[in-house]
Structures are given as C-alpha cells and as structure tokens.
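S.K.:
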Amino acid sequence: MFCIRKLTTFISLILLILFISLLANCGKSTGIKPSRKVVIRFWNGFTGPDGRTILRLVKRFNRENPDVQVLMQRMDWGVYYNKLFVAGLGGRAPEVFIVHASSMERFIQAQVARPVDDLVRGANGIQESDFAENIWQAVEKDGRHYALPLDVHPIGMYYNKKLFREAGIVDEKGNPKPPTNREEFLDALTKITKDIDGDGKNDQWGYVFTWYRTNMYTFLLQWGGRIFTPDYQKCVLDSAENVEAVRFFTDLIHKKKVIPPPENFDSWIGFRQGKVGIAFEGIYMLEDLKRQKDLDYGAAPLPLLGKVPAAWADSHTICFKKDLSGEHLDAAWRFAKYLSDNSLDWADGGQIPARKSLMESERFKGMTAQWEFAKMIPYIRYIPRVPFALEFLGEFDTAAERGLRGNVSAETALSEAAANVNKIIKRQNEEQKRSKP
Amino acid sequence: MTRARYSNIFYGYLFLLPYLVLFCAFILLPLIYGLGLSLFQWEVLSNAPPRFIGLGNYREALGETYFWMALGATLRFVAMIVPSVVCGALLIALALNALPEKSGGFFKAAIFAPTIISISVAGILWRWFFSAEFGLFNAWLAPLGVKVPWITENRWAMKSVVLMTVWWTLGGPMVVLLAGLKQIPEQYYEAASIDGAGAIRRFFHITLPLLKPVLLFVIVMNIIGSFQVFGQTFMITRGGPELSTRVLVQYIYETAFASYRLGYGSAMSWLLFIVIAVFSILQFRLVRERE
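Protein chains in written order, with the working numbering: chain X, 1 to 437; chain R, 1001 to 1291.
#1: Tell me, please, whether the CB atom of R/L1302 is closer than 8 Å to any CB atom in chain X?
#2: Using the DSSP secondary-structure output, state which residues sit across from X/G156 in a beta bridge.
#3: So that I know if they touch, is there some Cβ in chain R lying closer than 8 Å to that of X/L390?
#4: Around the Cβ of X/V170, are there at least 16 other Cβ atoms within 10 angstroms (buried) or fewer (exposed)?
#5: Output the residue ranges of the alpha helix (DSSP H) runs that lie fully inside the stretch 92 to 125 of chain X and measure 4 residues or longer, sorted by chain position.
#6: Under DSSP, the alpha helix (DSSP H) around X/N202 begins and ends at which residues?
#7: Whether or not the stretch 1176 to 1183 of chain R and the stretch 1191 to 1198 of chain R are in contact is what I'm after, with contact meaning three or more pairs of Cβ atoms, one per stretch, closer than 8 Å; do they touch?
#8: Just to make sure I have the definition right: I need the residues of chain R whose C-beta is within less than 7 Å of the C-beta of X/N342. Which are they?
#9: Can you name the residues of chain R whose CB is closer than 7 Å to the CB of X/L189?
#10: With DSSP as the reference, label X/V170 as helix, strand or coil.
#11: Any idea what DSSP makes of X/G298, helix, strand or coil?
#12: Helix, strand or coil for X/G27 per DSSP?
#13: Run the CB neighbour count on X/G27, radius 10 Å, all protein chains shown included, and call it buried at 16 or more, exposed below.
#14: R/A1258 versus chain X: which residues are under 8 Å apart at the beta carbon?
#15: With 8 Å set as the bound, which would you pick, yes or no: does the beta-carbon of X/G27 sit closer than that to a beta-carbon of chain R?
#16: For a quick check, are the C-beta atoms of X/V68 and X/V38 less than 8 Å apart?
#17: My guess is that X/S343 and X/R334 are in contact by the Cβ rule of under 8 Å, so how many angstroms apart are they, rounded?
#18: Please report the Cβ distance between X/A332 and X/M376, rounded to the nearest whole angstrom; I am assuming they are in contact, meaning their Cβ atoms lie under 8 Å.
#19: Taking the alpha carbon of X/Y217 as the point to measure from, which residue in X/L189, X/V246, X/K194 has its own alpha carbon closest?
#20: Keeping to the same chain, check which residues put their C-beta closer than 7 Å to that of X/G31; ignore five residues upstream and five downstream.
#21: Pick from X/K59, X/V99, X/A240, X/L57: whose alpha carbon is nearest that of X/D76?
#22: With a Cβ-Cβ cutoff of 8 Å, do R/V1218 and R/S1280 count as a contact?
#23: Applying the 10 Å Cβ sphere with the 16-neighbour rule, what's the burial state of X/P303?
#24: Could you work out which residues of chain X lie near R/S1131, taking near to mean beta carbons separated by less than 7 Å?
#25: Should X/P34 go down as buried or exposed, given a rule of 16 or more other Cβ atoms within 10 Å for buried?
#26: Considering just the uninterrupted stretch of the alpha helix (DSSP H) at X/N44, what are its terminal residues?
#27: Tell me the DSSP bridge mates of X/K194?
#28: Please give the ranges of any alpha helix (DSSP H) in the stretch 227 to 288 of chain X, keeping only runs that are unbroken, at least 4 residues long and fully inside the region.
#29: Nearest CA to the CA of X/I278: which residue from X/G90, X/I54, X/Y158?
#30: What does DSSP give as the partner residue(s) for R/Q1041 in the beta ladder?
#31: Can you find the residues in the same chain that come closer than 6 Å, C-beta to C-beta, to X/T180, ignoring five residues on each side of it along the sequence?
#32: Rounded to the nearest angstrom, what separates X/K290 and X/G349 at their Cα positions?
#33: Taking Cβ positions only, does X/N82 come closer than 8 Å to chain R?
#34: Smallest Cα separation from X/Y207: which of X/G225, X/V276, X/V408, X/V79?
#35: How do the stretch 1162 to 1174 of chain R and the stretch 1112 to 1130 of chain R stand: do at least 3 beta-carbon pairs fall below 8 Å, yes or no?
#36: Which residues in chain X have a C-beta closer than 9 Å to the C-beta of R/E1186? List them in chain order.
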C-alpha cells in the first residue's frame, strides 16, 4: 500500500516537472545558435510560387554576406497582416517586412514603419529618379517615403490566341489581334461568345469577370469616376461616371448576355480551361498560365473601354522596423537593396520591377508578358490609400458584386456603399480627434 | 481515512491542472477580458486610447443592418443543417447497423473520412465543385441540360454550404448514433417480431425511444456547433453572394481583425454567446422534462 502511494507521488511529481519545463520552454525560440552574425528577421506573405523565388534570393544573400543572417518567415497574406500589425503595435515587428502599397497607410499611422529617405539618399543608396514616379509616390506621405518599392503588379489583358484565330480576329499576317478600344472589345465579345455543345446556352465566352475588385476599380477610373474627394473626407463612389460604368457591364451581362454572370476568382479556371477569350488579371497570374502547357495565350495592355486609360495596380514594398539603428539598420538596408537590385529575378516569376533601369534592360524585354504589362505603368492606379483600407475594400467589393449581379440597380449598390464608407470616415474622424489632446 | 481523502482530492486537482491552466489561459481569461472589452470603444487604427462607452457597442450592433443580416444567415444555416445532419446520420447509422460487421466497416470509414479533412482543403475542393460555369457538379449535370447556380445565387448559396457541411460533418454524429443503436438489446426486436410488429413499428416503438438520450445529445451538440459556423462559408462563398452567407462569426472576425474594432467585435461575440446560451438552456430544459 505504502509502496503504491510512494510510486504515485513520484510519478505525479515527474509529470509536474515535465509540465512546468514544457511551459517554461514555450518562451524560448529553439534551434538558432547564437553567433556574432547580425540577425535580420524578414516577414512576408509569399506563400505561392513567389515564395520559392524569394527564398532563393534570401539564400543567395546569406551566402554572399557572411556577417548577416536573414531569417525569413512566410505566412498567408491574411494571417500575415494581422500578425504583423499586432506585432508592430507591441514593438515586436521584424526588422524587414513586406507591405502592399495599398495597405501601407495603417502601418504608417500606427508608426510601425520607418521612413527610408535617408537610406535611399545615403552612401549606398538608390537614385530616386530610378523609380517610376507614380510607384515612388505610392509609398509617400507628408513628404517622406516609408518603403522601398520592390515591384509593381498591374492587371492586364490575357487573351486566348486559339479562340481569337477561330473567331477570325486577326491582323493582316493572320496573328491574333487583341482589342485596344471599346469597339474592338465588344466585337471580340460577340464573335467569341457562343454555344459550343448546342444546348441553347452559351458556354464559350469572350470575356469573364475574374476579381471584381481589380476589374471594376479599373473600369470606374477608365470611365472617369472618382472614389473619394481629394481630401478623402467624403466617399463619392456613387458619382454619375461610376454608375455609368457599372451599367455598361450589367447591360452586357444581363441584357446582351455576352458576359457570363460574374463568379469572382473562380472564373479564372474558365480561362485556363480555354473556354474564355479574354481575362483582365494580374501579372502575378502568369505562373499559373506558364504551367498550362496546352493553353496558347497572349498578354497585352488593357484596352481603353472608357475615356481615360487606367489599370489597377499594387506594389510589394520593403519596410523597415521603426527603431532600427547601427549594424541592424545597415544590414537591413543592405538586404533590401540586394532584393531591389536583383528584382529582375523576382520579376521573372510574374512581376514588374519598380526600377526604370531594370525595366529598360535587355533581360526584361525578353519577359514577354511582363514587358507588355509594363507599358501601362504611366497610367496604373493604386487603391486609394486610406487608413481604413480593409473596411473600405469590403464595401467596395460588395458594391461591385451587387452592381454587377443586377439584383439591385447600379445606383443603389454604389450609393449604399458610399453611405457606409462615409459612416466609417465619420467614426474615424471622431476617434482621430480624441487621440490628439 | 481523511488524510487519504484529502490526498485523493489533491491528486485529482493535480491531474486536472494541465488542462485547467490551458483552459484558464486560453478560454476563461480571454472570455472575461472580452466582456470588459465589449464596454469600450477601441479602434486600434486611430491611436486613441480605449474609451468606456458602457453598452454603446451593444446598442450599435442591435441597430445595425449588417449584424442582423449576419445573425439571420447564421439562423438559416442552423435551421437547415441540424435536421439534415441528424436525419442523415440516423438513416446511415440504421443502414450500417443492419449490415454485417465486415462490409459495414468499409462504409463507416468512407463516411467518416471527410471529417478528417481540414476545412481549408475541403473548402477549396468544394468551391471548384460548385463553380457554376466551370465546376464539376454542373459538368455532370450538363447532359441533363441543368445548370445550377450553386454559389452564385442568393437563394442557392446557403443550401450549397449546407450540402457541403453535411458531407463534411456527418461522420461524427453517425458514429455516436451507431454506438447508441448497438446498445439496444436484440431481444426487444425479436419479441416485437414474434408479436407481429413490422420494421416501421419496431423503429418508432423500440429504436427511437431507446435512442432518445443519444439522439438528444447529438442534436444539442450539433446546434451549439452550428451557431459557430465560419470555415465553410468563409472558404466557399466568402460570405457572398451579396453577403447572403456572411454568418455572425465571420462578421465578428472581420470587425475585429480587418477593421480592428476590438470593442465592437467583442460585444457581438457576447451577443452570439447569449443566443447560443438561450438555445442550450431551452434544450436542456426540454431534455430534463422528457426524462
């Protein structure tokens, strides 16, 4: 009896010790040996094929710079932004991290990122004039630049050459001729859209809506619409130009029936299956198409469907932790500059480098789709940079979806969203006032 | 004797300790913290310090269209999924119970298998199945001349999510019900057969009454779980079309982690908690009265 009691005491003590040591161990990071190297943590959301490209660059940098150790951590973008923002608020942001230009505002406002002007103009800097003006502007606030733009990724036109040839949309030499304006676009829609299997319903389409957000944002701007007043104090999503743009497409979907009811991302599968003539998608989708050996596709700048050329775009930009100094700052900048200098390797996987000198290089001219899409850089447009970007985009997506689906009128969809966004602006302003005593 | 009892109590708590610590750290404390948070206006984006506003967040939620839309979507989901899963699981359990042990094992495994798949994988898979123009289901239906707008029409989308959820979650209740069926003594059925009772009468007069405790357990757990639906709608429809499938948990998630309105998000979580609590209390009352 006594013996058993003693045994149970012994076992429970061991369990307790194990448990406590387990808890104690949680706080420590494991596996990294301390060394005299400067450790730079680098976080990003590159979990697709782009992740492999960036990993190659990181490894190469670590080899070429024995005094620096870059530790990269990749997470899905959604998770990543939450984690990064919370870490940033707690002062535990990584030394170097990637932020989309469109998401930048809240990181600036929460003082997580550090201005880079001194680094860019420093001894080991980069010529500011080497950045395309609108790309460099996308990371600017109150005269300071808060990140080093790594790339720019606009949407552009992917078209199925086989379907174009079959529909007889070719130039004098018999090569497929992608549309450049509204007439040619509508002509392609009517010629390519048809019923293949003879069931009375169209199953081959001239164009499909893929991502509502990028496509509709582009169209609104092409029609000359605005989203906000210049001071960002009022949302004017329901302006006449915007309503007209949405109506143009609802007509094509619901009255003329030459565009299928929109299905957001999933319609991209249709393009890959060769059932769709045209899709307006990001340069980052190129990798998808390259793997599709049986698809004869081409890439071209977007046609001008409205009055003003415009194309949605975003940029991955390299940010630095607010309080970096000394050797950490030096190492972080060296790493960022290395990525920027080598961004042609990055571009190869479906991006356009942010630097003009690289865009003009022979190697870049060899990247067909990237080269075609880069022609749009003078008129690319970023999503309005407001601190409440995520809330705004939620409303924008809903408005685009409701407008295109046609259960409510374009005016209703847009004006309800505008009203909601204006409510957000009002709330933000009140909070902002309180934060400044 | 008393010493032994005290030491028993001591060891009881000792062995409970690991779970108790985790429960307190990750469930109880956040729960209480969230209750406090729900009384504050706290917008992380604005740099403004949290401000006490009493029940302001609750008032805002009850007056907001999005909140009611999300609650409505959640209720629609619960109302459809619980009968489907419980009836489906019961039917399959009955069928498997009738099969000989050997061949039943294969079907049991096959029906249980989807439960093991993570929601991200299952969600992506079913989004492809459901795609209207280019999806698998409509490709199968094409020869019949039918084209179902699975997740592109408001009136279909939630039903499609329910269909997927039935496939995904049927296994658990089925196994529990099957175990319940196996416990019903064979003699009752034999006696009933001798008295001339047919299969249907045997089901309603023997199986159902004896299965009731298990069945009620399955229903209660299913309702509680279904109120917290998130993964399926988030992966398959992203809350669309036109927010018709944006359930409450998704809206809370978006409020707290996309808009960073932590106070408001906490308040809505507590409202959901109240709804679930009310339903659970009603059910337990019902169970106790019947017993």
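A virtual CB, placed ideally from N, CA and C, is assigned to each residue, including glycine.
Values in this document were obtained by computation on a predicted structure and should not be read as measured data.
M.R.: Short version:
#1: Residue coverage of chain R in this structure runs from 1001 to 1291, which leaves residue 1302 of chain R outside it and unanswerable.
#2: Residue pairing by DSSP places X/G156 opposite X/E281 in a beta bridge.
#3: yes
#4: The residue is exposed, with fewer than 16 neighbouring Cβ atoms inside 10 Å.
#5: 104 to 109, 117 to 121
#6: In the DSSP assignment, X/N202 falls outside any alpha helix (DSSP H) and carries neither an H nor an E.
#7: Verdict: no, contact absent.
#8: Those do not exist, as X/N342 stays about 33 Å from chain R at its closest Cβ, beyond 7 Å.
#9: The contacting residues do not exist; X/L189 stays about 15 Å from chain R at best.
#10: Strand, per DSSP.
#11: strand
#12: Since pLDDT at X/G27 reaches only 46, below the 50 mark, its modelled position is unreliable, and the value read off the structure follows with that caveat. In the structure shown, X/G27 sits in coil (DSSP, three-state: anything other than H, G, I, E or B).
#13: Note that X/G27 scores 46 on pLDDT, short of 50, meaning its location in the model is unreliable and no value can be drawn from it.
#14: L390, E391, G394
#15: A caution first: X/G27 carries a pLDDT of 46, below 50, which makes its placement in the model too unreliable to give a value.
#16: yes
#17: Going by Cβ atoms, the distance from X/S343 to X/R334 rounds to 15 Å, so no, they are not a contact pair.
#18: The pair is not a contact, with the Cβ atoms about 32 Å apart (cut-off 8 Å).
#19: X/V246
#20: Unreliable positioning characterises X/G31 in this predicted model, as indicated by a pLDDT of 44, which lies under 50. The coordinate reading is nonetheless provided below. Contacts found: none.
#21: X/V99
#22: no
#23: buried
#24: Under the 7 Å cutoff, chain X gives E263, D266, I269.
#25: Residue confidence for X/P34 is low, a pLDDT of 49 falling below 50, so the modelled location carries little weight; the figure read from the coordinates is stated next. The residue in question, X/P34, is exposed, as its Cβ has fewer than 16 Cβ neighbours within 10 Å.
#26: Premise fails: X/N44 lies in the beta strand (DSSP E), 38 to 44, not in any alpha helix (DSSP H).
#27: DSSP lists X/Q204 as partners of X/K194.
#28: 240 to 250, 267 to 272
#29: X/Y158
#30: Beta-bridge pairing links R/Q1041 to R/R1051.
#31: P303
#32: 10 Å
#33: yes
#34: X/V276
#35: yes
#36: Those do not exist, as R/E1186 stays about 42 Å from chain X at its closest Cβ, beyond 9 Å.
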